[in-house]
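Student: So that we are looking at the same thing, I have put the structure below in structure tokens.
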Amino acid sequence: MENAVRFDLAYETMPWDAVDAVVFDIGNVLIRYAPDNFVEMLFPGDEKKQQDMLDQVYGGKYWPSFDRGTMGYDEAAQLLHEEYGYSVEDYLHALRGWLNIKPAIEEGWRAARKCKEMGKKLYLLSNYPKEGFEFLSKQKFADRFEIFGEAVVSCYLHQMKPEKEIYQTLIDTCGIDPSRSL
Numbered sequence: 027m028e029n030a031v032r033f034d035l036a037y038e039t040m041p042w043d044a045v046d047a048v049v050f051d052i053g054n055v056l057i058r059y060a061p062d063n064f065v066e067m068l069f070p071g072d073e074k075k076q077q078d079m080l081d082q083v084y085g086g087k088y089w090p091s092f093d094r095g096t097m098g099y100d101e102a103a104q105l106l107h108e109e110y111g112y113s114v115e116d117y118l119h120a121l122r123g124w125l126n127i128k129p130a131i132e133e134g135w136r137a138a139r140k141c142k143e144m145g146k147k148l149y150l151l152s153n154y155p156k157e158g159f160e161f162l163s164k165q166k167f168a169d170r171f172e173i174f175g176e177a178v179v180s181c182y183l184h185q186m187k188p189e190k191e192i193y194q195t196l197i198d199t200c201g202i203d204p205s206r207s208l
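Note that our numbering has the sequence shown beginning at 27, numbered continuously upward.
Okay, structure coming up:
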């Protein structure tokens, strides 16, 4: 940790008068997203299943449908079972199990709190599956997510980053001026 860069320290020299709003992503900014680690923890000692779950679930063709909000985990687990053969329960374990083991990224939360302390409006903009977002924001990390105003999350809009429509939705919904936003 001695050589680690502390990006949140950059906020000490931030020109705060130039910014009204700060927009945060969730994945790998506030909450760790590390599928390799998740499958190791969810399927310990079974390297083949770990790799298959990485390929079929996290890197598979259905994952974008979760983020876009056009498919749920139960439907995907059934389809994955039919296509690849692991049990529906194994797929559901991969699809839901990661939610319980995802850690917060303290550096990101420190940065968000600092922005809030400086009087900035905080917003979320993220590609995220509905079930995952609701669990993390309303249960597991509910107390942390309270500091944010609006959340523009892909699953509810059927829009995803980097599509320009989701950014326009953020601007319109939150009433932010992009030139005064970070």
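Even glycine gets a Cβ: it sits at the ideal position worked out from N, Cα and C.
(1) Would Ala-130 and Arg-170 qualify as a contact pair, given that the criterion is a beta-carbon distance under 8 angstroms?
(2) Helix, strand or coil, according to DSSP, for Glu-28 in the structure here?
(3) Find out if the Cβ-Cβ distance for the pair Val-49, Ser-207 is shorter than 8 angstroms.
(4) Measure the beta-carbon distance from Phe-64 to Trp-124 and round it to whole angstroms, keeping in mind my assumption that it falls under 8 angstroms.
(5) Locate the beta strand (DSSP E) running through Ser-152, then write down its first and last residues.
(6) From Pro-70, Glu-66, Glu-73, Pro-61, pick the residue whose C-alpha is nearest to that of Gly-86; which is it?
(7) Once you ignore the five residues that flank Gln-185 on each side, which residues in its own chain have a CB closer than 7 angstroms to its CB?
(8) Using only CA atoms, which one of Lys-187, Met-144, Leu-151 lies nearest to Val-45?
(9) Hey, Asp-93 and Ser-163: beta-carbon distance below 8 angstroms or not?
(10) Count the other CB atoms, across all protein chains shown, that sit within 10 Å of the CB of Gln-165; report buried if there are 16 or more and exposed otherwise.
(11) Starting from the Cα of Leu-183, find the closest Cα among Gly-53, Pro-155, Ala-102 and give me that residue.
(12) How many Å lie between Met-40 and Val-114 at the Cα?
(13) Note down the Cα distance separating Leu-148 from Trp-135, rounded to an integer number of angstroms.
(14) Just grab the DSSP bridge partners of Ser-163 for me.
Tutor: Let me spell this out:
(1) Counting from one through the sequence shown, the residue named residue 130 turns up at place 104. Counting from one through the sequence shown, the residue named residue 170 turns up at place 144. Contact flag set, yes.
(2) Along the sequence shown, read from residue 1 onward, the residue named residue 28 stands at position 2. With a pLDDT of 46 at Glu-28, under the threshold of 50, the modelled position of that residue is not reliable, and the figure given next carries that caveat. Correct three-state label for Glu-28: coil.
(3) Here the question's residue 49 lines up with position 23 in the sequence shown. Here the question's residue 207 lines up with position 181 in the sequence shown. Result yes, Cβ atoms of Val-49 and Ser-207 sit closer than 8 angstroms.
(4) As a first step, residue 64 must be located in the sequence shown, where it is residue number 38. As a first step, residue 124 must be located in the sequence shown, where it is residue number 98. Confirmed, about 4 angstroms.
(5) In the sequence shown, residue 152 corresponds to position 126, counting from 1. Looking at the DSSP string, the run of the beta strand (DSSP E) that includes Ser-152 is 147 to 152.
(6) Residue 86 sits at position 60 when you count from the first residue of the sequence shown. Taking only the C-alpha atoms, the option nearest Gly-86 is Pro-61.
(7) Numbered from its first residue, the sequence shown carries residue 185 at position 159. Within the same chain, Gln-185 has close Cβ partners Glu-191, Ile-192, Thr-195.
(8) Translated into the one-based positions of the sequence shown, residue 45 becomes position 19. Among Lys-187, Met-144, Leu-151, the Cα nearest to that of Val-45 belongs to Met-144.
(9) The residue you call residue 93 lines up with position 67 of the sequence shown. The residue you call residue 163 lines up with position 137 of the sequence shown. Result no, Cβ atoms of Asp-93 and Ser-163 do not sit closer than 8 angstroms.
(10) What you label residue 165 is simply residue 139 of the sequence shown in a count that begins at 1. So Gln-165 ends up on the exposed side.
(11) As a working note, residue 183 is residue 157 in the sequence shown. When only C-alpha atoms are compared, the closest one is Pro-155.
(12) Your numbering for residue 40 matches position 14 in the sequence shown. Your numbering for residue 114 matches position 88 in the sequence shown. Between Met-40 and Val-114, the C-alpha separation is close to 49 angstroms.
(13) Mapped onto the sequence shown, residue 148 falls at position 122. Mapped onto the sequence shown, residue 135 falls at position 109. The straight-line gap from Cα to Cα measures roughly 12 angstroms.
(14) Numbered from 1 along the sequence shown, position 137 holds the residue referred to as residue 163. Per DSSP, none; premise fails for Ser-163.
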